[in-house]
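**Student:**
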Amino acid sequence: MHVVIIGNGIAGITCARTLRKHHSDCSITVISSESQHFYSRTALMYIYMGHMKYEHTKPYEDWFWEKNRIDLCFDHVVSIPFENKSLQLRSGLEISYDKLVIATGSVPNRFDWPGQEAEGVISLYGLQDLELLEKYSTDTKRAVIAGGGLIGIELAEMLRTRNIEVTYLVREPHFWANILPQEEGQMINKHIRLDHHIDLQLNAELKQIFSDSKGRVEAIETLSGEKIPCQLVGLTVGVRPNVDFLRNSEIEIDKGIMVNEFLETNIPDVYACGDCVQHIKPPVGRKAVEQVWYTGRMMGECLGETLSGKRTAYVPGVWFNSAKFFDIEYQTYGDVPAQCTSEQSDFYWQHPSKNAALHFVYGKESGVIKGINSFGIRLRHAVLEQWIKEHKTVEYVLIHFEDAWFEPEFHKNYIHEIISEFNHKTGSGLKANKKSWHRILSNIKKATYGH
Amino acid sequence: MATEINYSISQPHPDNLGVWRKIGLALVAVGLAILAFSFGSGWTDISGWYLGICLGSILTGTTMYAYGLYMWQTPGIKNDSVWMNDISNRSTWAWMIGIILTTFYILLYWFPSSIGLGTEEAGNRGFVALFDPLSLFLKGKVASQWFAYGVLYSLAIISLGFKFLLKYRHSRYHIWRTTVLMICQLFLAFLIPEILEGMNQEQAYFAKDLKFFWPLNYYFFEDWHLNAMAEGGSMGMFFLVWGIALFLIVTPILTYFLGKRWYCSWVCGCGGLAETAGDPFRHLSDKRLSAWKLERWLIHGVLVYIFVVTAVVLYGYFTNQSQIFGIDIYTWFRKPYGFLIGAAFSGVIGVGFYPLLGSRVWCRFGCPLAAYMGIFQRFKSRFRITTNGGQCISCGNCSTYCEQGIDVRWYAQRGQNIVRSSCVGCGVCSSVCPRGVLKLENGPEQDRINEKPILIGRDDVRLL
Ligand SMILES: Cc1cc2nc3c(=O)[nH]c(=O)nc-3n(C[C@H](O)[C@H](O)[C@H](O)COP(=O)(O)OP(=O)(O)OC[C@H]3O[C@@H](n4cnc5c(N)ncnc54)[C@H](O)[C@@H]3O)c2cc1C
Ligand code: SF4
Ligand code: SF4
Numbered sequence: 000m001h002v003v004i005i006g007n008g009i010a011g012i013t014c015a016r017t018l019r020k021h022h023s024d025c026s027i028t029v030i031s032s033e034s035q036h037f038y039s040r041t042a043l044m045y046i047y048m049g050h051m052k053y054e055h056t057k058p059y060e061d062w063f064w065e066k067n068r069i070d071l072c073f074d075h076v077v078s079i080p081f082e083n084k085s086l087q088l089r090s091g092l093e094i095s096y097d098k099l100v101i102a103t104g105s106v107p108n109r110f111d112w113p114g115q116e117a118e119g120v121i122s123l124y125g126l127q128d129l130e131l132l133e134k135y136s137t138d139t140k141r142a143v144i145a146g147g148g149l150i151g152i153e154l155a156e157m158l159r160t161r162n163i164e165v166t167y168l169v170r171e172p173h174f175w176a177n178i179l180p181q182e183e184g185q186m187i188n189k190h191i192r193l194d195h196h197i198d199l200q201l202n203a204e205l206k207q208i209f210s211d212s213k214g215r216v217e218a219i220e221t222l223s224g225e226k227i228p229c230q231l232v233g234l235t236v237g238v239r240p241n242v243d244f245l246r247n248s249e250i251e252i253d254k255g256i257m258v259n260e261f262l263e264t265n266i267p268d269v270y271a272c273g274d275c276v277q278h279i280k281p282p283v284g285r286k287a288v289e290q291v292w293y294t295g296r297m298m299g300e301c302l303g304e305t306l307s308g309k310r311t312a313y314v315p316g317v318w319f320n321s322a323k324f325f326d327i328e329y330q331t332y333g334d335v336p337a338q339c340t341s342e343q344s345d346f347y348w349q350h351p352s353k354n355a356a357l358h359f360v361y362g363k364e365s366g367v368i369k370g371i372n373s374f375g376i377r378l379r380h381a382v383l384e385q386w387i388k389e390h391k392t393v394e395y396v397l398i399h400f401e402d403a404w405f406e407p408e409f410h411k412n413y414i415h416e417i418i419s420e421f422n423h424k425t426g427s428g429l430k431a432n433k434k435s436w437h438r439i440l441s442n443i444k445k446a447t448y449g450h
Numbered sequence: 000m001a002t003e004i005n006y007s008i009s010q011p012h013p014d015n016l017g018v019w020r021k022i023g024l025a026l027v028a029v030g031l032a033i034l035a036f037s038f039g040s041g042w043t044d045i046s047g048w049y050l051g052i053c054l055g056s057i058l059t060g061t062t063m064y065a066y067g068l069y070m071w072q073t074p075g076i077k078n079d080s081v082w083m084n085d086i087s088n089r090s091t092w093a094w095m096i097g098i099i100l101t102t103f104y105i106l107l108y109w110f111p112s113s114i115g116l117g118t119e120e121a122g123n124r125g126f127v128a129l130f131d132p133l134s135l136f137l138k139g140k141v142a143s144q145w146f147a148y149g150v151l152y153s154l155a156i157i158s159l160g161f162k163f164l165l166k167y168r169h170s171r172y173h174i175w176r177t178t179v180l181m182i183c184q185l186f187l188a189f190l191i192p193e194i195l196e197g198m199n200q201e202q203a204y205f206a207k208d209l210k211f212f213w214p215l216n217y218y219f220f221e222d223w224h225l226n227a228m229a230e231g232g233s234m235g236m237f238f239l240v241w242g243i244a245l246f247l248i249v250t251p252i253l254t255y256f257l258g259k260r261w262y263c264s265w266v267c268g269c270g271g272l273a274e275t276a277g278d279p280f281r282h283l284s285d286k287r288l289s290a291w292k293l294e295r296w297l298i299h300g301v302l303v304y305i306f307v308v309t310a311v312v313l314y315g316y317f318t319n320q321s322q323i324f325g326i327d328i329y330t331w332f333r334k335p336y337g338f339l340i341g342a343a344f345s346g347v348i349g350v351g352f353y354p355l356l357g358s359r360v361w362c363r364f365g366c367p368l369a370a371y372m373g374i375f376q377r378f379k380s381r382f383r384i385t386t387n388g389g390q391c392i393s394c395g396n397c398s399t400y401c402e403q404g405i406d407v408r409w410y411a412q413r414g415q416n417i418v419r420s421s422c423v424g425c426g427v428c429s430s431v432c433p434r435g436v437l438k439l440e441n442g443p444e445q446d447r448i449n450e451k452p453i454l455i456g457r458d459d460v461r462l463l
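Chains A and B are the protein sequences, given in the same order.
Residue 23 in numbering that gives the first Met the number 0 is what sits at position 24 of the first sequence, and the numbering runs on without skipping anything.
Residue 405 in numbering that gives the first Met the number 0 is what sits at position 406 of the second sequence, and the numbering runs on without skipping anything.
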């Protein structure tokens with residue numbers, strides 16, 4: 000059996016690795032056109048900032064692929080004649096497959112702004128973008144970034160390490176407002192502005208981009224009519240599935256490639272996973288298109304099992320995610336909406352002087368915990384996953400919170416402050432329990448093995 | 000194509016150095032100039048002011064420099080431009096520093112008279128003479144090359160320790176650890192032994208560093224050292240018993256409860272230098288699997304080597320023989336170990352090559368004490384680095400900044416705890432992780448190592 004995978008990102012590569020682990024004699028080919036080897040896209044910013052070189056972002060050494068008999072093909076797929084079960088490559092080669100996995104990731108959005116073709120307008124998705132950014136950085140004094148999300152803030156941090164002034168346009172009243180509740184958003188606003196000296200403009204939108212006689216960006220204009228001189232424009236307004244090269248084929252596509260819970264497409268022997276898919280029936284409580292590292296990895300794992308002969312449905316567990324906003328680490332578990340619904344209550348705690356905060360969301364009647372946002376405080380994934388899954392109450396969570404505390408040793412723990420604020424707000428009399436290794440280990444076991 | 004390009008080479012808008020850093024650099028330059036000048040000079044009987052100014056300006060200079068560098072930035076990880084910066088990226092500068100350090104070690108070990116060590120008749124000159132006033136003050140004797148070395152070594156740990164403290168001021172783990180390291184170096188390794196030495200002038204020399212024991216101290220069981228301790232009165236007896244107890248009892252117990260970090264990155268002098276002066280070079284360690292293979296052969300080889308050498312030496316001591324099976328013990332056992340391992344490996348390569356191979360070459364590939372503790376850490380200890388469920392994004396910061404060259408990411412991205420004999424528990428992998436994935440902790444041995452990890456996040460796999 001010859002399995003061909005398009006895309007060497009986390010989804011495609013995890014699929015290949017999982018398949019090889021379970022199935023020793025199929026042949027596996029991974030075709031990808033961005034880089035010869037799998038590298039970690041999430042580390043792009045660190046390459047630019049000089050924390051790492053490209054080579055450090057490769058999770059596996061180069062010999063790994065040959066040793067595991069995963070053939071790498073550094074080429075671009077231009078079309079897929081599904082009826083012949085084959086692929087057309089840019090180099091002119093044609094490759095045939097028995098089973099095909101499409102894991103082509105996503106591409107950055109662009110919203111037809113006038114002038115967006117100018118030199119110096121960039122997005123941030125892959126290595127080629129980094130090359131451009133490197134090129135334009137040398138003569139950029141001020142950059143404007145449009146788009147208040149995770150990639151925008153990473154780009155802002157990157158540019159600041161090269162001492163480039165940054166104006167950051169965010170359409171909403173606070174940073175990442177479709178995800179973050181107001182309290183957290185404001186904490187991040189402040190951090191961006193005061194600690195990192197970024198000209199953060201809220202409720203501001205890009206209208207058009209002007210370029211000079213050589214075609215290089217020289218300014219932008221916002222919707223409110225302000226004109227800002229700049230030499231670089233970063234457009235970070237989200238990504239969409241990278242599926243345009245398949246639009247006119249028989250494979251079913253809406254926003255992304257339509258897949259069922261087994262990650263099968265409408266064409267036999269053709270599967271898809273990662274950023275490029277759209278779930279026909281999204282798992283309960285989840286979105287149809289989820290473009291994060293973790294979901295890519297989980298889908299890849301799942302599909303690898305299916306291809307090895309054990310047909311496995313993709314059933315993601317409790318939602319989790321994480322990011323870092325300049326110096327503030329962020330973790331989230333379960334469901335913390337930007338705004339509580341009428342059935343939900345919340346409890347927000349913020350450290351009086353440090354960049355540390357926790358946001359608990361729970362059922363108004365039941366008190367059952369729904370989700371937790373954490374800023375500047377590391378929490379134990381397995382423990383939170385189990386608490387949410389087992390419908391623990393917010394009281395239970397709070398009194399056992401030390402089990403979830405994952406901050407480095409000797410770091411101050413704020414559990415008493417947090418609980419006394421909760422008691423104060425709700426009139427309850429909770430008292431913190433001591434950390435118990437027994438409980439922690441049993442939660443880790445349950446979260447990992449299910450029993 | 001993509002693999003050939005270096006994506007981060009330029010800093011088009013360099014920082015303005017600012018007044019703190021400028022003054023700091025100027026002060027360091029003054030101190031280094033005095034040191035450099037002393038080598039060529041014929042100084043004898045030189046005033047204590049020279050040394051005072053030299054040490055004082057280096058200490059204040061580095062601290063001021065670090066203050067200017069870090070305190071104007073928010074607390075947090077400070078690795079910007081590490082791989083663009085000349086010195087930390089194996090540039091010409093790095094090579095030059097490497098060559099200077101290596102030369103210094105070679106002169107120190109094998110040609111001490113060339114750096115000014117005097118003889119019975121003629122006193123010290125030049126570099127060694129510079130340290131005479133301090134040595135006379137502390138122990139009433141002129142300096143040896145080792146005294147001079149001890150002063151500079153402590154200076155490096157203290158001054159660059161301050162820098163490290165400012166760099167990692169957001170982390171209480173690093174603050175505690177580094178403070179303890181600095182105190183251990185200044186008092187246990189330097190001041191107390193020198194003062195004790197001065198109080199017992201007539202006794203033969205033996206090591207009085209409370210934290211320096213066999214097998215790192217490879218001469219502990221050599222006849223001259225055993226004799227010196229035996230004849231050293233109650234203090235000699237104390238150091239003999241303490242030295243053996245440290246190896247046999249204290250180390251296994253502490254390593255069981257805390258991991259080998261209690262020594263390697265909290266107490267040890269070699270570790271102390273690596274963590275402070277070596278910090279700008281920590282990322283240069285080799286992460287390849289092949290380096291790990293080499294490491295296991297080398298470090299355990301040295302461990303076996305010191306056991307054999309010591310057994311032979313003790314045999315000679317107790318039987319009063321200078322030969323074993325007709326082979327001379329000094330020429331074929333003691334001397335080669337001292338030369339190859341004690342001097343060449345731990346000093347010349349271990350420190351001299353900081354800017355090229357990273358800061359822990361000796362600790363990782365050579366140190367027999369590290370090997371010994373590593374065996375406990377791997378098989379019988381409560382210490383582990385816990386991996387936080389499925390949160391890893393495989394970015395590689397942890398592996399890059401592990402001074403021991405451990406591919407931390409390999410474990411983290413598959414949801415597996417890190418239990419490795421070589422981990423010195425510096426905690427930097429945990430600090431640099433942008434997703435809060437790693438936590439150094441001591442906990443129950445049960446489930447410490449998960450051989451078949453499953454990443455948290457999917458519900459279906461658990462139904463198997
Ligand atoms: C800057 C940045 C930071 C991020 N940080 C985080 C984070 O911190 N946490 C998180 O959860 N997520 C993060 N993400 C999102 C995460 O990286 C993606 O969700 C994930 O990489 C998607 O993986 P994938 O395998 O589906 O696709 P990709 O990683 O995009 O891989 C697809 C590969 O296929 C190649 N390809 C596409 N079409 C073809 C073709 N026709 N022929 C040949 N090759 C093709 C592409 O060039 C690409 O290399 C970040 C994304 C970016 C851009
Ligand atoms: S694994 Fe982490 S704690 Fe251990 S030596 Fe490496 S960086 Fe330090
Ligand atoms: S630094 Fe953290 S997120 Fe990055 S690879 Fe290491 S453990 Fe994973």
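In this text, a Cβ means the ideal position worked out from N, Cα and C, and glycines have one as well.
Keep in mind that this is a model prediction, so the values were computed, not measured.
When you check each C-beta in the region 392-404 of chain B against every C-beta of chain A, which residues fall closer than 8 Å?
**Tutor:** Of all residues in the region 392-404 of chain B, I392, S393, C394, G395, N396, S398, T399 have a Cβ within less than 8 Å of some Cβ in chain A.
**Student:** S45/A touches chain B at which residues, Cβ-Cβ below 7 Å?
**Tutor:** Checking the sequence shown, residue 45/A turns out to be Tyr, not Ser. Neighbours of Y45/A on chain B, chain order: C394, N396.
**Student:** Name the residue from F306/B, F163/B, I157/B whose alpha carbon lies nearest to the alpha carbon of S56/B.
**Tutor:** Closest by alpha carbon: I157/B.
**Student:** Which same chain residues, not among the five before or five after G30/B, have their C-beta less than 6 Å away from its C-beta?
**Tutor:** Counting only Cβ-Cβ distances below 6 Å, and skipping sequence neighbours, we find C53, S56, I57.
**Student:** Taking 6 Å as the line, does the beta carbon of Q472/B fall inside it for any heavy atom of ligand 1?
**Tutor:** Residue 472/B cannot be examined here, being either before or after the span of chain B that is shown, 0 to 463.
**Student:** Quick check on this structure: which residue in K309/A, Y448/A, I376/A has the alpha carbon closest to the alpha carbon of E328/A?
**Tutor:** Taking only the C-alpha atoms, the option nearest E328/A is I376/A.
**Student:** Using DSSP's beta-bridge definition, name the partner residues of L357/A.
**Tutor:** L357/A is bridged to W348/A, S373/A.
**Student:** D198/A lies in the beta strand (DSSP E); which residues open and close that run?
**Tutor:** That run of the beta strand (DSSP E) goes 198-200.
**Student:** Got a sec? Which residues, its chain only, sit under 7 Å from P251/B by beta carbon, not counting five neighbours each side?
**Tutor:** If we look at P251/B and ignore the five residues flanking it on each side, its Cβ neighbours are F375.
**Student:** Which chain B residues sit within Cβ distance under 7 Å of A520/A?
**Tutor:** Nothing about residue 520/A can be read from this structure; chain A reaches only from 0 to 450.
**Student:** Quick one: grab the DSSP three-state call for N226/B.
**Tutor:** N226/B: helix per DSSP, three-state reduction.
**Student:** Excluding the 5 residues preceding and the 5 following S398/B in the sequence, name in chain order all residues of the same chain whose CB lies nearer than 6 Å to its CB.
**Tutor:** Excluding residues within five positions, the ones whose Cβ falls inside 6 Å are K286, D406, V407, R408.
**Student:** In chain B, what lies closer than 8 Å to M48/A by C-beta?
**Tutor:** Simply S7, N78, D79, S80.
**Student:** For Q144/B, return the contacting residues in chain A, with the cut-off set at a CB-CB distance below 7 Å.
**Tutor:** The premise fails here: Q144/B is roughly 39 Å from chain A at the closest Cβ pair, so nothing lies under 7 Å.
**Student:** How would you call A411/B, buried or exposed, if buried means at least 16 neighbouring beta carbons within 10 angstroms?
**Tutor:** Its Cβ being crowded by 16 or more others within 10 Å, A411/B is buried.
**Student:** Note the first and the last residue of the continuous alpha helix (DSSP H) segment covering G55/B.
**Tutor:** Unbroken alpha helix (DSSP H) run through G55/B: 47-69.
**Student:** Ligand 1 and E289/A: does any heavy atom of the ligand fall closer than 6 Å to the residue's C-beta?
**Tutor:** The answer is no for E289/A.
**Student:** Can you tell me whether A35/B is buried or exposed, with buried defined as 16 or more other CB within 10 angstroms of its CB?
**Tutor:** Classification for A35/B: exposed.
**Student:** Between which two residues does the beta strand (DSSP E) harbouring S31/A extend?
**Tutor:** First-last of the beta strand (DSSP E) with S31/A: 26-31.
**Student:** May I have a chain-ordered list of the alpha helix (DSSP H) segments no shorter than 4 residues that lie completely inside the region 86-172 of chain B?
**Tutor:** Fully enclosed alpha helix (DSSP H) runs of 4 or longer: 91-109, 125-129, 131-138, 144-166.
**Student:** If the cut-off is 8 Å on Cβ atoms, which residues from the region 148-173 of chain A count as contacting chain B, listed in chain order?
**Tutor:** Within the region 148-173 of chain A, the residues whose Cβ lies closer than 8 Å to some Cβ of chain B are T160, R161, N162, I163, listed in chain order.
**Student:** Would you say the region 242-250 of chain A touches the region 210-217 of chain A, given that touching needs at least three Cβ pairs under 8 Å?
**Tutor:** No contact exists between the region 242-250 of chain A and the region 210-217 of chain A.
**Student:** Going by DSSP, which residues form a beta bridge with M257/A?
**Tutor:** Its beta-bridge partners are Q277/A.
**Student:** To the nearest angstrom, how far is it from the Cα of S264/B to the Cα of K77/B?
**Tutor:** Going from the Cα of S264/B to the Cα of K77/B covers about 20 Å.
**Student:** Quick one: what's got a C-beta closer than 6 Å to L302/B's C-beta in the same chain, skipping five residues either side?
**Tutor:** Cβ neighbours of L302/B beyond the five flanking positions: P367, A370.
**Student:** Thinking L383/A and A355/A are a contact (beta carbons under 8 Å), I'd like their distance in whole angstroms, please.
**Tutor:** Actually they do not touch by this definition, with Cβ atoms about 17 Å apart.
**Student:** Does the separation of the CB atoms of R215/A and G114/A fall below 7 Å?
**Tutor:** No, they are not a contact pair.
**Student:** Distance, Cα to Cα, R68/A vs H22/A?
**Tutor:** If you take the alpha carbons of R68/A and H22/A, they lie about 11 Å apart.
**Student:** Can S421/B and G373/B be called in contact, C-beta distance under 7 Å?
**Tutor:** Against a cut-off of 7 Å, the Cβ pair of G373/B and S421/B comes out as a contact.
**Student:** Throw me the rounded Cβ distance for the M157/A and M48/A pair, which I believe falls under 8 Å.
**Tutor:** Right, the Cβ-Cβ distance comes to about 6 Å (below 8 Å), so this counts as a contact.
**Student:** Less than 7 Å separating the beta-carbons of H36/A and K20/A?
**Tutor:** Taking 7 Å as the Cβ cut-off, H36/A and K20/A do not qualify as a contacting pair.
**Student:** Is there at least one non-hydrogen atom of ligand 2 closer than 6 Å to the beta-carbon of V418/B?
**Tutor:** Because no heavy atom of ligand 2 lies under 6 Å away, the Cβ of V418/B does not count as near it: no.
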